[in-house]
Amino acid sequence: MHHMDNLRGIDLNLLVVLDALLAERHVSRAAARLNMSQPAVSHALARLRVLFDDPLLIRRGGQLVASARALEIAPVLEEALRQMRVVFGPGDFDPAKEKRTFRLAMSDYGSAVILPELTRLLRLEAPGIDLVINQSSREAMVRQVLDGECDLALGVFPDLPERLEAGPLISENFACLADRESMPGKERLDMEAYLSRPHVLVAMKDGANTEVDTALRAAGHQRRIAVTLPHWGNAPRLIQGTDLVLTVARNALVPYESDPTLIIFEPPFTIPSFPFVQVWHERRGGDPAHIWLRDAVSGVAISLGR
1 MHHMDNLRGI DLNLLVVLDA LLAERHVSRA AARLNMSQPA VSHALARLRV
51 LFDDPLLIRR GGQLVASARA LEIAPVLEEA LRQMRVVFGP GDFDPAKEKR
101 TFRLAMSDYG SAVILPELTR LLRLEAPGID LVINQSSREA MVRQVLDGEC
151 DLALGVFPDL PERLEAGPLI SENFACLADR ESMPGKERLD MEAYLSRPHV
201 LVAMKDGANT EVDTALRAAG HQRRIAVTLP HWGNAPRLIQ GTDLVLTVAR
251 NALVPYESDP TLIIFEPPFT IPSFPFVQVW HERRGGDPAH IWLRDAVSGV
301 AISLGR
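Sequential numbering of the sequence shown, starting at 1, is according to full-length UniProt numbering.
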């Protein structure tokens, strides 16, 4: 590697491009991240391959895979650039001027709780930042963050693999929703009444749905589930005018607080709260735009916790 001894011969911008390519593993996404054209990024990659005497990224089945040498370079390069950004300060980052697309993964719970406020914040402070939201199972979300297909995942992740970092957003508790007319003169259901009613279960393989039945079993009880559905978005509508009870994460019920036909109350037994977090790859740790987005998401969550 004699020609790497002389740093003067290296255009530092090339290393910034390499860092983005190794993070994104995708030429057009790296280009969007760097505000460069796709041909310019491809040209930079060609120069980097000559410089390192290595293919660096290899196309395999429609995807770019990092070579062994690239995997060696990536953490060193990222750390070096991170330190340089600290030295030169984040002065170059201005949310109002940033043009970028972020890909976020979250369940429809996350979309309902965080997204409305986050979108308003972005339109006000960072109108050039676009969001693409996708929804998948917890396992798929973790994989997407690991593969760099997704910038940020929001959800309940009890055990995270190495190289992923998590920031707490909400400590979520459970609450019940019922039709007000179905419980005349009552503000809540006791255990007996709760168990005598049919229930709606939102089963989105998100882990946040089994807690209720686990807690009931621990207390030696079982409830009858009359309706199971994959998205809780429609669940509250099933409650109106029926004897059904819905027990879900409290923040999911915020939109129904002022609905006079419905009543929200504490469950008559203890269900442990669970942490709702945001998860990102440590590679994205020092990226100023990513830091700004994470801070925006936490800000929204804090305002929810009021």
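Glycine included, each C-beta is placed from N, C-alpha and C at the ideal position.
Using a 10 angstroms sphere on the CB of residue 278, the tally of other CB atoms reaches 16 or more, which defines it as buried. By the criterion of at least three beta-carbon pairs nearer than 8 Å, the stretch 32-42 is not in contact with the stretch 104-120. Judged by DSSP secondary structure, residue 144 falls within the alpha helix (DSSP H) whose first and last residues are 138-147. Short of 6 Å from the beta carbon of residue 133, and not among the five residues preceding or following it, lie these beta carbons of its own chain, in chain order: 104.
In this structure, residue 42 sits away from residue 54, with a CB-CB distance that is not shorter than 8 Å. Within the DSSP secondary-structure output, residue 176 pairs in a beta bridge with 247 and 265. Around the C-beta of residue 263, 16 or more other C-beta atoms lie within 10 Å, and the residue is accordingly described as buried. Cβ atoms of residue 298 and residue 167 come within 8 Å of each other, at about 6 Å. As the crow flies, the alpha-carbon of residue 73 is around 16 Å from that of residue 44. Under DSSP, the beta-bridge partners assigned to residue 280 are 165.
With a cutoff of 8 Å on beta-carbon distance, residue 269 and residue 235 are scored as not near each other. The beta carbon of residue 34 lies closer than 6 Å to those of 20 in the same chain, with the five residues before and after it left out. Per DSSP, the beta-bridge partners of residue 274 are 172. By the CB criterion at 8 Å, residue 118 and residue 280 fall outside the cutoff. With fewer than 16 other beta carbons inside 10 angstroms of its own, residue 28 counts as exposed. Restricting attention to 275, 271, 288 and 233, the CA atom closest to the CA of residue 256 is found in 233. Beta-bridge partners assigned by DSSP to residue 130: 101. Here DSSP, grouped into helix, strand and coil, assigns residue 226 to strand.
Contact check for residue 212 and residue 247: beta-carbon distance about 5 Å, within the 8 Å limit, so the pair qualifies.
Taking every protein chain shown into account, the CB of residue 187 has fewer than 16 other CB atoms within 10 angstroms, so this residue is exposed.
For the pair residue 291 and residue 284, the Cα-to-Cα distance works out to about 8 Å.
Around residue 245, the same chain offers 176, 178, 197 and 199 as residues with beta carbons nearer than 6 Å, after the five sequence neighbours per side are excluded.
Assignment of residue 56 by DSSP, reduced to helix, strand and coil, places it in the coil class.
For residue 159, the closest C-alpha among the options 174, 304, 170 and 141 is that of 141. Here the alpha carbon of residue 249 sits roughly 16 Å from the alpha carbon of residue 239. Positions of the alpha helix (DSSP H) runs, each at least 4 residues long and wholly inside the UniProt domain "HTH lysR-type" (10-67), are given as 12-24, 27-34 and 38-52 in order along the chain.
The C-beta distance from residue 32 to residue 148 rounds to 13 Å, too long to meet the 8 Å contact threshold. Of 174, 173, 144 and 287, the smallest CA-CA separation from residue 161 is found for 144. Sequence-distant Cβ neighbours of residue 101 in its own chain, meaning closer than 7 Å and more than five residues away, are 32, 130 and 132. Going by beta carbons, residue 81 and residue 15 fall inside the 8 Å limit.
In this chain, the alpha helix (DSSP H) harbouring residue 116 covers 115-125. Assignment of residue 183 by DSSP, reduced to helix, strand and coil, places it in the coil class. A distance below 8 Å between beta-carbons, with the five flanking residues on each side excluded, links residue 93 to the following residues of its chain, in chain order: 288, 289 and 292.
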